[in-house]
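Here the structure is laid out as structure tokens; the discussion comes afterwards.
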């Protein structure tokens, strides 16, 4: 019956694509497990991350390499695309999707797995799986959109105080013993003294650099649209290209550089904006082409503009000014994690272009009027602000060099 439903819901080509990408590999792993299930597990760590080598998996991997854990452990990346890059000792890449005998073998014998997005079920009870997630929650409601398998051993979260909200979104009981409040490895990047990521975009000097990361609203390859409000230029706030050009002139007058980083799944056919003198537009493809790391880029900026996205929650760890574009708050279909989202908004509320210019002006003049509220919300959401989440994850797993 499941197979019939698969073909009905996805069509002939879609069903076979799903079977090839996901089901065939599981079948191969089950066959291999018959021969490996009674043998000792190997010192192997399998990692999967949001865009390959980034997010929580990427930061955890960097910590492992910097501290020479690859001298003892084999680190295996499950990646979405091929890379012609030289890897350190004992580091390997295998395709995340599609059947692979080699991949299936490592799934059967590896001791540890960390996943940001695509959770692969382990084959043995003595294997340890960690779900790190690829974001820090956010204001938008996500309940019912993802479920964490019972085979996962540990689930990373920010703090005990925020856990009830996050647990509900993931359809978990807040008292689930698998939840560990050690923070997210991706945030370790915020505490590293490196501001070079911006050079991948520009080598010019500006008074201030502001990053705008609108959340996903439309696209995803499924004609999904989370907002009833039309985005005439493909991004919030703007009604026509003249308004967009006027914003660039305002930025130019104040020597401010605005980076608009679109969600990687956002529909681009509606996008009517492009790079200008003081505005850079990044899409999912250009981010990959430039090898930009979201967290390293955030670290290089003076302020962030977001909305209902988890990006604003993550930026709290930097303790810098935040603006929230809420012009479609009444048309946003997903709903929110709490009844009154204003209690969790740690900065300017932006409903118009005039509000946007006011926020930019406060950034330029360093009028940080929401600092106290921001720090209060940050301390509520996060247990730690120290850049040592990867270290805590290593201890949690019992990974050692003895």
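Residue numbers (my numbering): 1 to 402. Note that beta-carbon positions come from the ideal geometry of N, C-alpha and C, so glycine has one too.
How long is the line joining the alpha carbons of residue 44 and residue 94, rounded to whole angstroms?
13 Å
Quick check on DSSP: helix, strand or coil for residue 295?
helix
Heavy atom of the ligand ZN less than 7 Å from the Cβ of residue 284, yes or no?
Within the structure as shown, the ligand ZN is missing, as the structure has no ligands at all.
Does the contact criterion of 3 or more C-beta pairs under 8 Å hold for the stretch 219 to 233 versus the stretch 351 to 362?
Between the stretch 219 to 233 and the stretch 351 to 362, the count of C-beta pairs closer than 8 Å stays below three; the two stretches do not touch.
Taking 8 Å as the cut-off, does the stretch 156 to 176 touch the stretch 356 to 369 (at least 3 CB pairs, one atom from each stretch)?
no
Which residues bound the beta strand (DSSP E) around residue 261?
Residue 261 -> beta strand (DSSP E) spans 256 to 261.
Kindly indicate which three-state DSSP category residue 303 falls into: helix, strand or coil?
strand
Report the residue ranges of all alpha helix (DSSP H) runs contained in full by the stretch 307 to 370; include only those spanning at least 4 residues, in chain order.
310 to 315 and 353 to 364
Whole angstroms is fine: what's the gap from residue 72's alpha carbon to residue 90's?
8 Å
C-alpha distance - residue 103 paired with residue 28, whole-angstrom precision:
9 Å
For residue 407, which beta-bridge partners are listed by DSSP?
Absent from the structure is residue 407, since the part of the chain shown begins at 1 and ends at 402.
In this structure, how does DSSP classify residue 115 when only helix, strand and coil are distinguished?
Correct three-state label for residue 115: strand.
Less than 8 Å between the C-beta atoms of residue 278 and residue 251, yes or no?
Yes, Cβ-Cβ distance for residue 278 and residue 251 is below 8 Å.
With DSSP as the reference, identify every bridge partner of residue 185, one or two as the case may be.
Bridge partners of residue 185: none, in fact.
Through-space distance from residue 24 to residue 1, alpha-carbon basis:
Low local confidence applies: a pLDDT of 48 at residue 1 is under 50, so the model's placement there is unreliable, with the coordinate-based value given in what follows. Each residue's alpha carbon lies about 18 Å from the other.
Using 10 angstroms around the beta-carbon of residue 144, count the other beta-carbons present and answer buried if the total reaches 16, otherwise exposed.
exposed
Would DSSP call residue 59 helix, strand or coil?
Residue 59 falls in the helix class under three-state DSSP.
Simplified DSSP state of residue 1, which is helix, strand or coil
At residue 1 the pLDDT is 48, less than 50, meaning the model places this residue with poor confidence and gives no usable figure here.
Residue 298 versus residue 190 - alpha carbon distance:
8 Å
If you drop the 5 nearest sequence neighbours on each side, which residues of the same chain put their C-beta closer than 8 Å to that of residue 26?
121
What is the residue span of the beta strand (DSSP E) that residue 281 lies within?
Where residue 281 is concerned, the enclosing beta strand (DSSP E) stretches over 279 to 282.
Can you tell me where the alpha helix (DSSP H) holding residue 105 begins and where it ends?
101 to 109
Since residue 93 sits in a beta bridge, which residues does DSSP pair it with?
77
Does the stretch 304 to 324 come close enough to the stretch 266 to 281 that 3 or more CB-CB pairs lie under 8 Å?
no
With a Cβ-Cβ cutoff of 8 Å, do residue 306 and residue 295 count as a contact?
no
Of the residues 21, 164 and 62, the one placed nearest residue 387, counting alpha carbons only:
62
If residue 396 and residue 180 are in contact, beta carbons under 8 Å, what's the gap, nearest whole angstrom?
6 Å
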